[in-house]
Structure formats: C-alpha cells, structure tokens
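Engineer: In our numbering, the protein residues as written are 23 to 631. Backbone N, C-alpha and C define an ideal beta-carbon position, used for all residues, glycine too.
#1: Whose C-alpha, out of 422, 241, 428, 74, is nearest the C-alpha of residue 435?
#2: On the DSSP bridge assignment, give the partners of residue 574 in chain order.
#3: DSSP on residue 225, reduced to helix/strand/coil?
#4: Give the DSSP-derived three-state secondary structure of residue 217 in the structure shown.
#5: Mind checking who residue 482 pairs with in its DSSP beta bridge?
#6: Report the residue from 360, 590, 257 whose alpha carbon sits nearest the alpha carbon of residue 564.
#7: Enumerated in chain order, which unbroken segments of the alpha helix (DSSP H) with a length of 4 residues or greater are wholly contained in the stretch 317–359?
#8: Rounded C-beta distance between residue 117 and residue 76? I'm assuming under 8 Å.
#9: My output table needs one value for residue 569: the three-state DSSP class, helix, strand or coil.
#10: Anyone know if the C-beta pair for residue 71 and residue 103 falls short of 8 Å?
#11: Helix, strand or coil, according to DSSP, for residue 283 in the structure here?
#12: Residue 94 and residue 69 - do their beta-carbons sit closer together than 8 Å?
#13: Answer with buried or exposed for residue 296, where buried requires no fewer than 16 other C-beta atoms within 10 angstroms of its C-beta.
#14: Tell me, please, whether the stretch 314–333 touches the stretch 439–448 by the rule of three or more beta-carbon pairs shorter than 8 Å.
#15: Going by Cα to Cα distance, which pick from 96, 101, 145, 122 is closest to residue 113?
#16: Who are the Cβ neighbours of residue 545 in its own chain at under 6 Å, not counting the five residues just before and after it?
#17: At a cut of 8 Å, does the stretch 526–533 reach the stretch 566–580 through at least three beta carbon pairs?
#18: What three-state label does DSSP hand residue 551 in the structure shown?
#19: Under DSSP, the alpha helix (DSSP H) around residue 254 begins and ends at which residues?
#20: Are the CB atoms of residue 401 and residue 333 within a distance shorter than 8 Å?
#21: Is DSSP giving residue 164 helix, strand or coil here?
#22: According to DSSP, simplified to helix, strand and coil, what is residue 410?
#23: Hey, out of 556, 228, 65, whose CA is closest to residue 169's CA?
#24: What number of angstroms, rounded off, separates the C-alpha of residue 411 from the C-alpha of residue 619?
#25: Taking 7 Å as the cut-off, is the C-beta of residue 507 nearer than that to any heavy atom in the ligand ZN?
#26: Need the endpoints of the alpha helix (DSSP H) that residue 128 sits in, please.
#27: Helix, strand or coil: which one does DSSP assign to residue 529?
#28: Have a look at residue 542 and residue 425 and give me their C-alpha separation to the nearest angstrom.
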C-alpha cells in the first residue's frame, strides 16, 4: 500500500516549503518554516502524510519526516501540537528515534522533548518511550563532533551564493544559520522543562548550535534571546549530565564559568546559617529526618519541616549514586516501585500486577502509564540503604528490623514493598542462575498452569537488536495505536544476570511476539547453557504460558535438531510473515492470533491445531 503514495508527493507534503525531489539533499527548504506555512500544512491534512511516511525505509524520506515533525512542533503552535497527537505522530516518533540513523533519531528525540513542554501532551510523550532514549544518545555523542560531523553533513551549502567556491561542506548563513535563530528562541522553554531528559537534550542542541555559531562568529545570538541566563541555571543542576553540557555550552559561548556555590532553587535561605553552623554537608543532608530537623536544627514549624523533607526527597531521587552504587541498587529500587505482588510468594509460583500509578522502568514502554510521584518511589531510600552497607547481594537477607532500625525507613508500607520485591527478585533470578540438574534437566522457575486472568501487558516484543530493531519498533507503534499495552526492551542489558524487570514484564504479558529476522536464532543454536537473550526470553515466555506469535521477515528456520529442546515448542505456533508494503494487513493477522484482554478463556488462538 505504501507504493501507492508517490515519493515526490511524500516529499512535497513533508517539506513545509516546495522541495524539488530531484535535489538529493533538499534540506535547505526545510530550514525556512513559518507559522503560516506550518498551519497550512496542518489544515491540508499534511500531518497524516507525515505519519504515513514514517512507515518508509527510505533514508531521505525519513530525514525529511523527522525534520518536518520538528518544524511542525516548533512553529505549529499548541493547536498544531495537539493535531500531531491526534494523528498519533507522537507514537510514530518512537519509530524514528530507533531508526539506525543518528540524524533522524536526534530530531525525533528533540521533537519529543519540545512536545513535552506542552502540559496537555506530557503524558502521551512519556508513554511513547522516546524520552528514555535521550540519555543513551547524549552519553554516546559529543555535541561538538555531532555539530561538525552530522549537522554540517546534513545541511551543506546548496544555495550556490558563492559561485567561486567549490567547497560545499562549509556552513552557509543563507542555508542554515540565520534560520536557526528562531529555532533557538522557540526551544528556550525546553531548557526549563520539569523533565530532566527534555532539559538535557535542549542543552545538547544549544551546545551544537554554539559550536556551529562559533565557527561563524555569531555567538551574540544567544545573549540576545536570553539563553545565557537559562544555561547558567542548567549548569547549576544536580544532574551531572545536564550540568556538564550546560557548562560546556557556556564555555563555547565564551561565558565565565559558574561560581562554585549552590544556587537557591528551593528556598529555605533562612536556615542557611544554622546548617552552616552545624556543618551539614551533602551526605548529612540526604540523611535528614523529621526528628533531626526538630531536635538538632530547631525547625519548630511542622509545615516547614514537611516542605523541607519533600525537597530532600526530590534531591535523593535526582542524586547520582554511580560512584557509590556499583551494584545498581538505585535501579533495583525503581524496579521494585512498580511491583505489586498479589498472592503469597514462594519458590514455586507467583504473579504480579502493575500498579495503576506505576512508572515504567527504564526498559518498559507501556501506553498511558503515569509516572510515580516522589513519595511512592522507593529509589528515595537508595542513600539510606547504601549508608547502612546494603547492596544488591544483601537484599535476600533484609528484614523489617534492618530496614527500620539500620536503614531508617519509617514507612511500614514501603518496608513491606521492599521486602516483597527482594523475595520476588530472588525467585525470578533462581530459574536462570542455577546450573542444570543431573541428566541435563534445568531447574525450572515459576511455571503457570494457566495464564493469570489479569495480566497488565498485552504484548512483549523480543527481537535481535542487530537485525530486528526496525521491525520491532514498527510493531510496537502499530499495536499501541490499536490500544494495546506493549513492552519493548530498547537497551539490551549487558551479559550476565538476567534482569528482573524483563522476567516480570514477560510474565505480565498475554502475548509474546518473537521477531525473527535474518540470523535471529543463530546464537540460540546449541545454546545449552541458556546464555542467549532471545533464548532466555522465549523459554520464560513458554513457562509463563504466554501466547507466542513469531513474526518473520526474510527469515529461514534452522533445523529442528539444532534448536535447544526448550525452544522447540515455538515451532508449533503459526507465524506471521511480515511484508513491508502491506503493514496494515500484517498487523491485522497478528491481532487475529493474539490473546485479548476480553478472552477470559485464554484459548491460545495462535497455536497450530
């Protein structure tokens, strides 16, 4: 069906101004949007064409689409942003953000960061999964190198204003820099976003622009639009990534460094003399309790103590524990925050349901799932546990007394949740951590006699990252648009311990989509040690009685004898052959084989009969 849309017409719709399809670059016209022109694109149904173009695998089309979405979000106003949400453009940004082209991924992430500044869209943007890709992108890129290697390559001089010059790799005022001034001014709200990821990427883009403008002596632009003051505030952030990027940007702008002093973000200046007199440092600040505030710091007003403790709680959640948390206890506590054990836990069986107020873990992308408020996030106790000498290896030994007396966790509900999560974590890990038993039989984990009646997730997508990421992201977006709750693990974990959040998400899913692209099962062949990720995920899905749906794309099944015995039941399920030009028909077939939330009998419709 995609072929029925002429490529030149696609470019015409995607490009805010007229764009010659013959121009293999064509990006110069994309840099000159106006509010009036973007409104015309929206009024003429152009957003729908943007969305449809996201299905393409053509690099030029997707580059135009990524920049077109960004321009619409930037110049289309609040109504234009709402129209983007109505047409599911926010969901399709995930497809662009996971595409193996850094430039496309960058502008998809930047568009999401910008859209998140619209309060009415914040929930939709958060549930799309794009925001979780920002930190990995920024941590793996230098803004200076990205500016000179990616941006200049994407936006060369095509205006031929200097006929004598043959070097088209140099920046050109007409083609790029004059137009970007308006971009920067409209991006300023993202620097003050409540979401750290949005601020981080906005600062990254300002660093990119500072690099390019320093090459053309145009740095006065940042002062004229009021960006410098905002960047100083970003530089004082407790988030090291945001702070480092902002300081780098200020350095590129030739601004003096941020003084080594705390910026009064949260108030309470009246207590500074007392805190200084008592020599309260950062470590003591994170350990403050209501009793110490009242008895040692003499803060008599109960409301003031509550406000201060609330700020300290937020500080604990934003703090970077990397240097003192080698076992990633903070990450485990965030995972524990979303667990809601329902029945008695034992080594044989257990189930979970995701709380209605739960925040997805860093690897979980579920539709319409609000974030945890600070008081419910168990990660606030990271400092308490580490200060008491607790790490991940000690979790099975925790008791209520230890949490209360040694870790100073006074909320009994939170102590109970930590203990239940520790027990669940141990049970989940045992199934893969234990060595095979005699005779080659592996110690089994929790096996469901039948699927639980209320699994919170509809679909878990398993794929080989090297060849299947594009198809996996397409499946996720298509299914989310149809109202299904989907889990897609974007960042494969490092080799080693099988992460509890993945096990939990598989067990919480009705359907397990196994994306099979070329050579997807090669690492599973003769994998008797259960070391491969796809092997592990598939075995856990079968044990959890998930409905397995293989989705193949140019895939050839290996010999049955080479597949591990615990994976062979996958061959008994009907597979859906993916045809890129007929995506809607393929998704309809996937839906036909899926177990729905309304199927109370949970008959496995995908199994061969």
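Structural biologist: Reading off the structure:
#1: 422
#2: 538, 599
#3: helix
#4: coil
#5: 509, 534
#6: 590
#7: 324–340, 351–359
#8: 5 Å
#9: strand
#10: no
#11: The pLDDT assigned to residue 283 is 45, lower than 50, so where the model puts this residue is not dependable, and the model offers no usable value.
#12: yes
#13: exposed
#14: no
#15: 145
#16: 554
#17: yes
#18: coil
#19: 249–257
#20: no
#21: coil
#22: coil
#23: 228
#24: 44 Å
#25: As presented, the structure is devoid of all ligands, the ligand ZN included, so that no description of it is given.
#26: 124–137
#27: helix
#28: 44 Å
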